[in-house]
Every structure is written in C-alpha cells, then in structure tokens.
Amino acid sequence: MSPRLASHLRGLAVTGAVWTAVALASALSLYLRTQSGEIAPRPGWFWVTLGIIPVWTAATPPILWLSRRFPLERGTWHVAVLVHAIVLLIVLAVDGWLNMWLSPSAGGRQLTFWQQMWRYSFIDAFFYGGIVAVERAAHYYRLYLDRRVRASELEAQ
C-alpha cells in the first residue's frame, strides 16, 4: 500500500472515529432523556442517531478540501460562502434522503422529502460550520508554526 493511500485511510478512520463519538454522545443524551421521562423517542431512534456516521464521515474530506480551496477570507469570502451554501444544501438533501429511509415518519405522520431535508438542518449546518472552522484553525496554526520556524532560523543566522 502506498504511503499516500495509507495516510488517506488513516485520516478517514480518524474522521469516522470522531463522528462515531459524536453520534454515541447524541445517543447517550437521547437515552438519558428517555429514561428521565422527558421524551419518548420512536422505535429505531438509535439507528437514526447512528445514521450521521456514514453521512458525515463521507462528507468531511470534501468539505475540508472545499474549505482549503474556497477559504472564508477577505477577498474570497463571497465566492466561498456561495460554494459552501451549495454544498451544505447537497448534504441536507443526502441527510433528508437517509432520514426518509431510516425514519420516514414523525408524530404519527409521514414526512415529505422536504420536511426530512429541513428536519435536522440546524445541526447539519452546525456540523458543516464546525468542519470548516476546524480546517481554518488548523490552517492558521500551521502558518503560526511556519512563522516560528522562520523566526528561529533568522535568529540563528
């Protein structure tokens, strides 16, 4: 296996592990709220909760690439916002389709695709924004480290 492929697979495994932790934390929260009597989830709620793992594991690498290609910076932000909004709509559509399959009804009634698409739009937008924020933070941290190395080299001269 090539080192590049191994690196990509390792990154995908880490991404999957992060989204698994997020899904399990959400499932634990729902379980505790169920046990306290606060909510009464519908059958299959656990699988719906775990449904975010493949969606966001698959969506994270392209979103990271887009964040690098279309950074939210002065001079490029207007194009970047448009690109990220379009991709977020695609993610919402995929999530809506997945929810049509995993959890077709709510409150005893069948939901349309559009209702499913917007059902978790807030959390999906939050996740998307979190991915972009983590990429931007990592970018600026790398710039900071590069500047420190250059400053050390100049000082050594």
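16 is the number of the first residue of the sequence shown in our numbering; add one for each residue after it.
Using N, Cα and C, we set each Cβ at its ideal position, and we do this for glycine too.
Status (buried if at least 16 other CB within 10 Å, exposed otherwise) for residue i
i    : result
D161 : exposed
V63  : buried
L47  : exposed
L158 : exposed
L107 : buried
W34  : buried
H93  : exposed
H23  : exposed
Cβ-heavy atom distance, residue i to the ligand HEM, below 7 Å
i    : result
R163 : Because no ligand of any kind appears in the structure shown, any question about the ligand HEM cannot be addressed here.
Assumed close pair residue i, residue j - CB separation to whole angstroms, cut-off 8 Å
i    : j    : result
L79  : I146 : 7 Å
R151 : S82  : 7 Å
G31  : I67  : Not quite, the Cβ-Cβ distance comes to about 11 Å (not below 8 Å), so this is no contact.
A95  : L87  : 5 Å
Member of the options whose CA lies at the smallest distance from the CA of residue i
i    : options                   : result
M132 : G90, S22, G26 and P119    : P119
F85  : L97, T75, P76 and R57     : L97
L27  : P18, L39, T75 and F128    : T75
W71  : Q172, A100, F142 and E168 : F142
T127 : P18, G144 and G111        : G111
P77  : L169, L20 and I105        : I105
Y135 : E168, V109, E53 and Q172  : V109
Beta-carbon proximity check, residue i vs residue j, cutoff 8 Å
i    : j    : result
A140 : L113 : no
F61  : A36  : no
L45  : P56  : yes
L65  : A40  : no
Cutoff 8 Å: residue i Cβ touching any chain B Cβ
i    : result
S120 : Looking for chain B here will not work: only one protein chain is present.
Legend entry - Entirely enclosed alpha helix (DSSP H) segments - the region 40-111, minimum 4 residues: 60-65 and 67-84, all fully within the region 40-111.
Legend entry - 4 or more residues per run - each alpha helix (DSSP H) lying fully within the region 104-158: Fully enclosed alpha helix (DSSP H) runs of 4 or longer: 128-134.
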